[in-house]
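Participant: Each position in the sequence shown, counted from 1, maps to that position plus 8 in the numbering used here. Note that the Cβ used here is the ideal one computed from N, Cα and C, for glycine as well. Structure below; questions to follow.
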Amino acid sequence: MNTGGESNMLSKEEIYNSLVHFGLEEIDAKIYVGLLQMGSVTVGTMAQKLNVDRGKAYRSLNKLRNMGVISTTFSNPTIVNAVEPSEALTSVIQKKEDEIVMLQKLARTVIESLHNYENNVAATDMSSFSIVQGRSNIYTRIGKLIQESKEKIFLVTTSDDLMRMYHTSIPDKIHAKISTGGEVRIITNDCDAKTMEIIEQLGTPEVKIGKLPSKSRMIVESKNQLIMSGAMKESMDLNDDVDSIMYTNSEEMVENMFSLCTHLWKKSKPMEILSSN
Numbered sequence: 009m010n011t012g013g014e015s016n017m018l019s020k021e022e023i024y025n026s027l028v029h030f031g032l033e034e035i036d037a038k039i040y041v042g043l044l045q046m047g048s049v050t051v052g053t054m055a056q057k058l059n060v061d062r063g064k065a066y067r068s069l070n071k072l073r074n075m076g077v078i079s080t081t082f083s084n085p086t087i088v089n090a091v092e093p094s095e096a097l098t099s100v101i102q103k104k105e106d107e108i109v110m111l112q113k114l115a116r117t118v119i120e121s122l123h124n125y126e127n128n129v130a131a132t133d134m135s136s137f138s139i140v141q142g143r144s145n146i147y148t149r150i151g152k153l154i155q156e157s158k159e160k161i162f163l164v165t166t167s168d169d170l171m172r173m174y175h176t177s178i179p180d181k182i183h184a185k186i187s188t189g190g191e192v193r194i195i196t197n198d199c200d201a202k203t204m205e206i207i208e209q210l211g212t213p214e215v216k217i218g219k220l221p222s223k224s225r226m227i228v229e230s231k232n233q234l235i236m237s238g239a240m241k242e243s244m245d246l247n248d249d250v251d252s253i254m255y256t257n258s259e260e261m262v263e264n265m266f267s268l269c270t271h272l273w274k275k276s277k278p279m280e281i282l283s284s285n
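Written out as structure tokens, the structure is:
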């Protein structure tokens, strides 16, 4: 693991990608970082120096102000200033935590009310299929699968996808599953040492590097459920609406994909062996 401050510094592009997880789009991140560098400036000066369309700049500034990461004056011309990073990101996190508390309280009432609309007809044993659209929704579903699982899980996906998962609740779900005796095996493609360090923090000691069938993801719980996707865009955007998965509990499909993952596992090499070379 890197211990020096300098070696852990993110590049500007990596900072932009990281700020996506806090709800900032690329132009928002560019403006915020630019304001940190420039200090207090007028909107016109900022837009000119960052080569940003003034109309887009105003829309972005309005969003950033509402998030609490910049401040603006009522003067003419308007002066904008970036809020100190620790205070800014803490503010964003606090708002998200407040939203979660609100949703949890609201959910109790809504769930009770929704029970009144339930059909009391006994459930059938037919296999179900569903499509989940949007990357954030997909990671929520993957986390749910891991949390509710009772059997061994294979998580087969690209190293870029695992890097994105690191910024979600999925590592916590894996940690919790492992701590109660569960088994989560990860298979991914060859990657650099920095990426390996992050993958090692996902929560399972069972990680192997191998040749993936394609640039897609497959999460399968033995005997129970399966998540599969097509080819993925390798960006860090957690809000990618194009990303989609198929979810099923089809016994035949689950068994076939679990057998494939078992074969891939046997063919792959432990990550720690590769990272020590």
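1) In its own chain, which residues sit with a C-beta less than 6 Å from the C-beta of residue 137, not counting the 5 before and 5 after it?
2) For residue 212 versus residue 166, is the C-beta spacing smaller than 8 Å?
3) For residue 194, which beta-bridge partners are listed by DSSP?
4) Report all residues from its chain with a CB closer than 8 Å to the CB of residue 20; omit the five preceding and five following residues, and keep chain order.
5) Could you check if residue 179 is buried or exposed, using at least 16 other CB atoms within 10 Å of its CB as the buried criterion?
6) Would you say residue 69 and residue 49 are within 8 Å of each other, going by their C-beta atoms?
7) Pick from 183, 236, 276 and 209: whose alpha carbon is nearest that of residue 219?
8) Please report the distance separating the alpha-carbon of residue 251 from that of residue 83.
9) According to DSSP, residue 255 sits in a beta bridge with which residue or residues?
10) What does the alpha-carbon distance come out to for the pair residue 144 and residue 28?
11) Taking the CB atoms as reference points, tell me whether residue 300 and residue 164 lie closer together than 8 Å.
12) Do residue 43 and residue 88 come within 8 Å of each other at the CB atom, strictly closer than that value?
13) Mind reading off the beta-carbon distance from residue 242 to residue 168? Whole number of angstroms is fine, and I expect it under 8 Å.
Facilitator: Put simply:
1) Closer than 6 Å at the Cβ level, and outside the excluded window around residue 137, lie 256.
2) no
3) Partner(s): 163 and 215.
4) If the five residues before and after residue 20 are omitted, its C-beta is found closer than 8 Å to the C-beta atoms of 41, all from its own chain and listed in chain order.
5) buried
6) no
7) 276
8) Their Cα atoms are separated by approximately 44 Å.
9) 138 and 235
10) 12 Å
11) Since the first and last residues shown for the chain are 9 and 285, residue 300 lies out of range.
12) yes
13) 5 Å
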